[in-house]
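At position 55 of the sequence shown (counting the first as 1) the number is 228 in this note's numbering, and the numbers step up by one without a gap. Here a beta-carbon is modelled for each residue, glycine too, at the ideal position from N, C-alpha and C.
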Amino acid sequence: MRGTEVMRVVAPGLASLVLTALVVVGGASDRLAAADGDTGADPAESTAGQARSLPAAQPAVPQPFYRARVDPVGPEVAARMTASWRPGCPVPLEDLRYLTVEHLDGAGGIVVGELVVHADVADGLVGVFAALFEARYPIRSMRLVDDFGADDNASMAADNTSAFNCRAITGGTAWSEHAYGRAIDVNPVENPYVLGRHVAPPEGRAFASRPDVPAVIHADDEVVRAFAAAGWRWGGDWSGPIDYQHFSVSGR
Ligand SMILES: [Zn+2]
C-alpha cells in the first residue's frame, strides 16, 4: 500500500519547512524529497557554479511540527466503514482516502485525528489542517463518523469533526456533499446548523449567537481563509439554513 506523509515544521516567524515522503511499504525503495520538487539536479542551476543549499531534514532546535498522512482506504478502515458506506453510494471506496492529521485538542495537547475524504481533495485538506495547526485552532474530536454508527446527530453531539458519510442532505433525499467526501463539518457544537429556531446539535445552542470564544468560526477568520485557500466554501455564509460547521468544495 502506498501513502503520502507530510511533515511541516511550524516555527512562528519563520517560513514553514515542508517535507513530503512517499512511503512504499514493502517496495524496493523509500524516497524522501523536498515538497517544492527541488532535487538539486537542475542543470541550469549547476552552471551558476553555486550549489543550492537544501533545507535540513531535521531542524536544529526542536519545534512543534505538523504531520499528516494520506492513504488509500485499506481493509482495516473499510471494515470500520460499514455504517458510512455501502454499495450504491455515489463514490466507490477506491476513490476515497484515509487522512490522519495532527491537530491541537484545545487542552494543550497535539493529537492525531482521522478523516475519510474524496481522493481529489485529500492533499488540499492536508494543507488546510497545516494552516489550522499553525493558527493553533483547536479541534475537539476528529474520528470517523462510523464510531458514532454513521449517525450525524450523535457525531455532532460529541463535537466530532468528520467528512465522508454516504447520507442524504439534511431534510431531503438528494445525496449530501458528505456522500462524495467533499464536505467537512468542523467542531459542530461550537459551529451548529441553524434554521430559524432550530439548532443542531442542541448542545450548540449557546453558540448560535456566535460568541468570540475558541473554536467558534467567524467570517474571514483563519479557519475560513485556510479552507478558502484550498477552494472550499463556508456554510456560515449561507442565508438559511446557516451551517456554521460546514465547508464544501461545491458551496452546497
Ligand atoms: Zn456538513
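#### Entry: Complete runs of the beta strand (DSSP E) confined to the segment 346–399 [at least 3 residues]
Qualifying beta strand (DSSP E) stretches, in chain order: 356–358, 366–368 and 371–373.
### Task
May I have the straight-line CA-CA distance separating Arg242 from Asn364, to the nearest angstrom?
Here residue 242 is taken as the residue at index 69 of the sequence shown, counted from 1. Here residue 364 is taken as the residue at index 191 of the sequence shown, counted from 1. Taking the straight line joining both Cα atoms gives about 26 Å.
### Task
Within its chain, find whatever has a CB closer than 7 Å to the CB of Ala336; leave out the 5 residues flanking it on each side and keep chain order.
Walking along the sequence shown from the start, residue 336 turns up at place 163. The residues are Leu288, Val289, Val290, His351, Gly354, Ala356 and Ile357.
### Query
Taking DSSP as the reference, what is the three-state secondary structure of Met254?
Taking the first residue of the sequence shown as 1, we reach residue 254 at position 81. Looking at Met254 - three-state DSSP - the assignment turns out to be coil, as it is neither helix nor strand.
### Selected residue, minimal CA-CA separation from Asp437, among Ala251, Ile283 and Val274
Absent from the structure is residue 437, since the part of the chain shown begins at 174 and ends at 425.
### Proximity to Gly409 [Cα-Cα], best of Arg309, Val359 and Val294
For this step, residue 409 is matched to residue 236 along the sequence shown. Considering only alpha carbons, the answer is Val359.
### Query
On the three-state DSSP scale, how would you describe Thr334?
Start at 1 with the first residue of the sequence shown, and residue 334 comes out as number 161. If DSSP states are grouped into helix, strand and coil, Thr334 belongs with coil.
### Query
In its own chain, which residues sit with a C-beta less than 6 Å from the C-beta of Arg240, not counting the 5 before and 5 after it?
The residue you call residue 240 lines up with position 67 of the sequence shown. Cβ within range, chain order: Met180 and Glu275.
#### Entry: Selected residue, minimal CA-CA separation from Asp279, among Met315, Arg406 and Glu178
Here residue 279 corresponds to residue number 106 of the sequence shown, with the count starting at 1. Here residue 279 turns out to be Gly, not Asp, going by the sequence shown. If we check each option's Cα against that of Gly279, Met315 comes out closest.
### Task
Using the Cα positions of Pro375 and Gly261, report the straight-line distance between them to the nearest angstrom.
Position 202 of the sequence shown, counted from the start, is the residue given in the question as residue 375. Position 88 of the sequence shown, counted from the start, is the residue given in the question as residue 261. Here the alpha carbon of Pro375 sits roughly 32 Å from the alpha carbon of Gly261.
### Asp293, enclosing beta strand (DSSP E) - first and last residue
Reading the sequence shown from its first residue, position 120 is the one you call residue 293. Under the DSSP assignment, Asp293 falls outside any beta strand (DSSP E), being part of the alpha helix (DSSP H) whose first and last residues are Ala292 to Glu307.
### Task
Please list the segments of the beta strand (DSSP E) lying wholly inside the segment 267–293, counting only runs of 3 or more residues, in order along the chain.
Segments of the beta strand (DSSP E) lying fully in the segment 267–293: 269–277 and 283–291.
### Residue environment, Gly286, which counts as buried when at least 16 other CB atoms sit within 10 Å
Within the sequence shown, the letter at position 113 stands for residue 286. When all chains shown are included, Gly286 counts as buried.
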